[in-house]
Each structure stands twice: as C-alpha cells, then as structure tokens.
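Student:
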Amino acid sequence: MKALVKTDLGFGNLEIQDKEEPQAGKDQVKIEVKYAGVCGSDIHTYEGHYKVAAPVTLGHEFAGVVVEAGEGVTAFKPGDRVTSETTFYICGECAYCRSGDYNLCNHRKGLGTQQDGGFAKYVIARKDSLHHLPENVSFQEGAMTEPLACTHHAVSKTEIHEGDIAVVIGPGPIGLFTAQVAKSRGAKVIITGLTNDKVRLEKAEELSIDHVVNIQEQDVKELVNSLTDGYGADLVFECSGAIPAAKQGLDLLRKKGQYAQVGIFPEPEVQFDMEKVIQKEIRVVGSRSQKPADWEPSLELMNNGSVNANDMVTHEYAITQWDDAYKAIKDGEATKVLLTPVE
Ligand SMILES: [Zn+2]
Ligand SMILES: [Zn+2]
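Numbering follows the working numbering, with no gaps: position 228 of the sequence shown is 229.
(1) Which value, in whole angstroms, describes the spacing of the CA atoms of residue 175 and residue 146?
(2) Should residue 256 go down as buried or exposed, given a rule of 16 or more other Cβ atoms within 10 Å for buried?
(3) Quick check on the burial criterion: 16 or more other C-beta atoms within 10 angstroms. Buried or exposed for residue 87?
(4) Relative to ligand 2, is the shortest distance from any of its heavy atoms to the C-beta of residue 93 smaller than 7 Å?
(5) Compute the Euclidean distance between the alpha carbons of residue 309 and residue 234, then round it to the nearest angstrom.
(6) Measuring CB atoms only, is the segment 125-139 touching the segment 9-19, in the sense that at least three cross pairs come out at less than 8 Å?
(7) Tell me which same chain residues have a C-beta within less than 6 Å of the C-beta of residue 78, skipping the five on either side of it?
(8) Can you list, in chain order, the residues of its chain whose CB lies under 6 Å from that of residue 283, leaving out five sequence neighbours each side?
(9) Any heavy atom of ligand 2 inside 7 Å of the beta-carbon of residue 97?
(10) Below 8 Å on the Cβ atoms is my guess for residue 307 versus residue 185; work out the distance and round it to an integer in Å.
(11) Between which two residues does the beta strand (DSSP E) carrying residue 29 extend?
(12) For residue 292, list the residues DSSP reports as bridge partners.
(13) So who's on the other strand from residue 287, going by DSSP bridges?
(14) Rounded to whole angstroms, how far is the Cβ of residue 122 from the Cβ of residue 29, which I believe are closer than 8 Å?
(15) Should residue 61 be listed as close to ligand 2, given that the test is whether its C-beta is under 7 Å from any heavy atom?
(16) Roughly how many whole angstroms lie between the Cα atoms of residue 336 and residue 204?
(17) Can you tell me where the beta strand (DSSP E) with residue 19 in it begins and where it stops?
(18) Going straight from the alpha carbon of residue 322 to that of residue 31, what length do you get?
(19) How about residue 45 and residue 36: do their beta carbons lie closer than 8 Å?
(20) By DSSP, does residue 185 sit in helix, in strand, or in coil?
(21) What does DSSP give as the partner residue(s) for residue 234 in the beta ladder?
(22) What do you get for residue 305, buried or exposed, if any count of 16 or more other CB atoms within 10 angstroms of its CB means buried?
(23) Taking the straight line between their C-alpha atoms, what separation do you get for residue 217 and residue 195?
(24) Here's the rule: buried if 16 or more other CB atoms are within 10 angstroms of the residue's CB, otherwise exposed. What is residue 27?
(25) What do you get for residue 331, buried or exposed, if any count of 16 or more other CB atoms within 10 angstroms of its CB means buried?
(26) Measure the C-alpha to C-alpha separation of residue 182 and residue 162 and round it to an integer number of angstroms.
(27) Quick one: is residue 108 buried, meaning 16 or more other Cβ sit within 10 Å of its Cβ, or exposed?
(28) Please list, in chain order, all residues of the same chain as residue 295 whose beta carbon is under 6 Å from its beta carbon, the five residues on each side excluded.
(29) Going residue by residue through the segment 107-147, where are the continuous beta strand (DSSP E) segments of at least 3 residues, counting only ones entirely within it?
(30) Is the beta carbon of residue 240 within less than 7 Å of some heavy atom of ligand 2?
(31) Does residue 238 pass the burial test, meaning 16 or more other C-beta atoms within 10 Å, or should it be called exposed?
(32) Do residue 114 and residue 156 come within 8 Å of each other at the CB atom, strictly closer than that value?
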C-alpha cells in the first residue's frame, strides 16, 4: 500500500513509499482510512522542527472503517465506522496513566508520530483508543475529532459562565474549534487574526463566531472594553503561538481573568508578562494535546450540531498530492485540509 512517510529527521524527507499492508494483532484493529487531516504539526514535522520516530507514516487525525478485528476485540467489528485516539502505546502504570491523562505519560507512543499513522490506505490502532462515529458524523468530520478534542481539552481547563466574553487569538483550525467549543459552553466569542488570515477570518464569519476581528484593521481592545463595561475579557485562548499574541492576551484580560495557552510557540523561551499575571490575578493554564475523556464529548458536539467541522474543510487531496496540500496551508489559502488514501 502507498503511505506518506517521513523517512528521516530534518527538513523535508517526506515521500510516498510502498509499504506492506499491516495486520491487526491482539487487541488491535485494522482500519481502512477514508480521510486523514493535515495538522499544523505535520507542517512542523516536514520542516524538521518536530521530532518523530522516522521512518514513520504520518497522519494522526483520521477516520475510516474497521476491516479486521484482532484477537480480544469484541466492541468493534468489520464495517464499523470509527476514529482512533492518537495513543498507540502508554505505560499504563505512571500516575498520569492511572488518572487517564495519557497525554502526559512519558512513555506514550502516538500514531503518526512514533507509530505508523493514517496517511495510508490502512492503519493499525489499539482497541482501547477507538471510538464509533455517531450517526450524524461523516468520515470527513470524524477525521477532525482529534483537533476538536485538543480544543475540548483546552476549554475544559477553564471555567466558563454563560455570557462570558472569550477572546480566541488565531483563526486556524484549532482557533475555530476552540471558538465553537467555548460558544457551546455559553461564552460570547471574539476571534482575532491578521490580514494574512483573511480566508480563515471569513470562515469564522461563516461559522457564526460572535465577533471576528482583523487586529490590523480594528482595535480589539476597544471592542472588548465596549462589551465588558471596561472590565476586560473573562477568558483568552491563545491559539496562534505568536509571541506578540501572548502579550496582547494578557492585556485584554480582566482582573481574575483566565488565560489558556493552546498554540505552540516557535521558540522555547517566550517573554511572558508575569507582572500582569500578578497584578490582575490571572489564572494561566497550558493545554497539551487531548486525553481519552475529550473524545466522546467531541464526537457528540459534532453529532448534535454544536460544532460545525464540515464547513472548516476547504481542500481535499490524495496523499500523493501532499505537497499541494502542505502548500495550501502554508500560503494561508486553506483552513482545514483532508487527505485521502490511494491504491
Ligand atoms: Zn494534530
Ligand atoms: Zn504512563
């Protein structure tokens, strides 16, 4: 079968290879992939900023049909429509594994990073990571459960009250999902971006996010103040990973506001205004990836229409056209890009 493989670390080193079709072992299922999403981290991996266990087939966001259930698998059978959590291996023993925080296990191996992922015709997943797609969730939407679960994870780390003003910085797929999840919890959401993000800001309008702001054209602080009697925003979700955005986020928050860092910064040491954190008694939380408890609620958000994942897809390509897919993301033309396997 054809698979999109990161063959070695460093810049590039990505190619379509012929790989042997995998088989489901004990407690595993073999999934025929229908769609797999391209994540921002796949671009980082291409550029060599992200370390994966090369050679490895990429693709950690996918959905498909079970074609083979290994020994010990009873809850899933051939023909079932499924998606899988990215977790392929965890130690199962550390404090984090015991509390279900698999995203924090030091020994965790993920699909599409340390273990062959979904940019291929077939992928092997562990039964404990699988989820059935609910009736109203298509394969396309199912392939976006992982990024949605990441944002469900982030939003769940904050406390939202009906009518709270939440600012989401960065209108990429993660920002657009975060905005929708925050809205589903009763927040009024302002999403911000730059002139470069034109396509994505238009998408935010289409998704009926309450306020969509190009900060190069409109003063977001003025808007926040006008909506909050001058107090400032209740919550900020920083989803861009841009350093000036972190500063702005702290500035927009009210006293006792909540700041969640979701985007990944390009460099490890970022200037962060601790003085503001102290003076305003801001609560700062980080959010890394997702954990099992985020998956069923995310699927339900799509199933009941609270989150519109479908309209976020702007481009679809075959895995053999991965370079066009990556380019569409880099150029800011695309919001979410899905890949389909080839024979
Ligand atoms: Zn991802
Ligand atoms: Zn562990």
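Even glycine gets a Cβ: it sits at the ideal position worked out from N, Cα and C.
Tutor: The structure says:
(1) Counting from 1 along the sequence shown, the entry for residue 175 is found at position 174. Counting from 1 along the sequence shown, the entry for residue 146 is found at position 145. Straight-line spacing of the CA atoms in residue 175 and residue 146 works out to 11 Å.
(2) Your numbering for residue 256 matches position 255 in the sequence shown. Exposed.
(3) As a first step, residue 87 is located in the sequence shown; it is residue number 86 there, counting from the start. Around the beta carbon of residue 87, 16 or more other beta carbons lie within 10 angstroms, which makes this residue buried.
(4) Taking the first residue of the sequence shown as position 1, residue 93 is located at position 92. Correct: residue 93 has its Cβ closer than 7 Å to ligand 2.
(5) In the sequence shown, the residue the question calls residue 309 occupies position 308. In the sequence shown, the residue the question calls residue 234 occupies position 233. If you take the alpha carbons of residue 309 and residue 234, they lie about 25 Å apart.
(6) Here the segment 125-139 makes no contact with the segment 9-19; the two share fewer than three CB pairs at distances below 8 Å.
(7) In the sequence shown, the residue the question calls residue 78 occupies position 77. For residue 78, where only same-chain residues beyond five positions count, the Cβ hits under 6 Å are 70.
(8) For this step, residue 283 is matched to residue 282 along the sequence shown. Counting only Cβ-Cβ distances below 6 Å, and skipping sequence neighbours, we find 254, 258, 260.
(9) Within the sequence shown, numbered from 1, the residue matching residue 97 stands at position 96. For ligand 2, at least one heavy atom lies less than 7 Å from the Cβ of residue 97.
(10) Counting from 1 along the sequence shown, the entry for residue 307 is found at position 306. Counting from 1 along the sequence shown, the entry for residue 185 is found at position 184. That pair is a contact at about 4 Å.
(11) If you number the sequence shown from 1, residue 29 lands on position 28. If you look at residue 29, you'll find it in the beta strand (DSSP E) that goes 29-38.
(12) Against the sequence shown, residue 292 aligns to sequence position 291. Answer by DSSP bridge pairing: none, since residue 292 is not bridged.
(13) One-based indexing of the sequence shown puts residue 287 at position 286. The partner list for residue 287 (beta bridge, DSSP) reads 262.
(14) Stepping through the sequence shown from its first residue, residue 122 is reached at position 121. Stepping through the sequence shown from its first residue, residue 29 is reached at position 28. About 16 Å separates the beta carbons of residue 122 and residue 29, which is beyond the 8 Å limit, so they are not a contact pair.
(15) Residue mapping note: residue 61 aligns to position 60 of the sequence shown, counting from 1. Not a single heavy atom of ligand 2 lies less than 7 Å from the C-beta of residue 61.
(16) What you label residue 336 is simply residue 335 of the sequence shown in a count that begins at 1. What you label residue 204 is simply residue 203 of the sequence shown in a count that begins at 1. Going by the C-alpha atoms only, they are around 8 Å apart.
(17) If you number the sequence shown from 1, residue 19 lands on position 18. 15-19 is the span of the beta strand (DSSP E), which, as asked, contains residue 19.
(18) Position 321 of the sequence shown holds residue 322. Position 30 of the sequence shown holds residue 31. One C-alpha to the other measures close to 24 Å.
(19) For the purposes of this step, residue 45 is identified with residue 44 of the sequence shown, where counting begins at 1. For the purposes of this step, residue 36 is identified with residue 35 of the sequence shown, where counting begins at 1. No, Cβ-Cβ distance for residue 45 and residue 36 is not below 8 Å.
(20) One-based indexing of the sequence shown puts residue 185 at position 184. Helix, per DSSP.
(21) Looking up residue 234 in the sequence shown gives position 233. Under the DSSP definition of a beta bridge, residue 234 partners with 254.
(22) The residue labelled residue 305 in the question sits at position 304 within the sequence shown. Residue 305 is exposed by the Cβ-count criterion.
(23) Position 216 of the sequence shown, counted from the start, is the residue given in the question as residue 217. Position 194 of the sequence shown, counted from the start, is the residue given in the question as residue 195. Straight-line spacing of the CA atoms in residue 217 and residue 195 works out to 6 Å.
(24) Numbered from 1 along the sequence shown, position 26 holds the residue referred to as residue 27. By the beta-carbon neighbour count (other beta carbons within 10 angstroms, threshold 16), residue 27 is exposed.
(25) Locating residue 331 in the sequence shown gives position 330, counting from the first residue. With fewer than 16 neighbouring CB atoms inside 10 Å of its own CB, residue 331 falls in the exposed class.
(26) The count along the sequence shown starts at 1 and reaches residue 182 at position 181. The count along the sequence shown starts at 1 and reaches residue 162 at position 161. Distance between the alpha carbons of residue 182 and residue 162: 13 Å.
(27) The count along the sequence shown starts at 1 and reaches residue 108 at position 107. Counting Cβ neighbours within 10 Å, residue 108 comes out exposed, since fewer than 16 surround it.
(28) Here residue 295 refers to the residue found at position 294 of the sequence shown. Excluding sequence neighbours, residue 295 sits near 150, 153, 154.
(29) You should have 123-127, 131-133.
(30) Translated into positions along the sequence shown, residue 240 becomes position 239. The answer is no for residue 240.
(31) Sequence index remark: in the sequence shown, residue 238 carries index 237 (1-based). So residue 238 ends up on the buried side.
(32) Taking the sequence shown and counting its residues from 1, the one referred to as residue 156 is at position 155. Taking the sequence shown and counting its residues from 1, the one referred to as residue 114 is at position 113. With respect to the 8 Å criterion, residue 156 and residue 114 are not classified as neighbours on the basis of their beta carbons.
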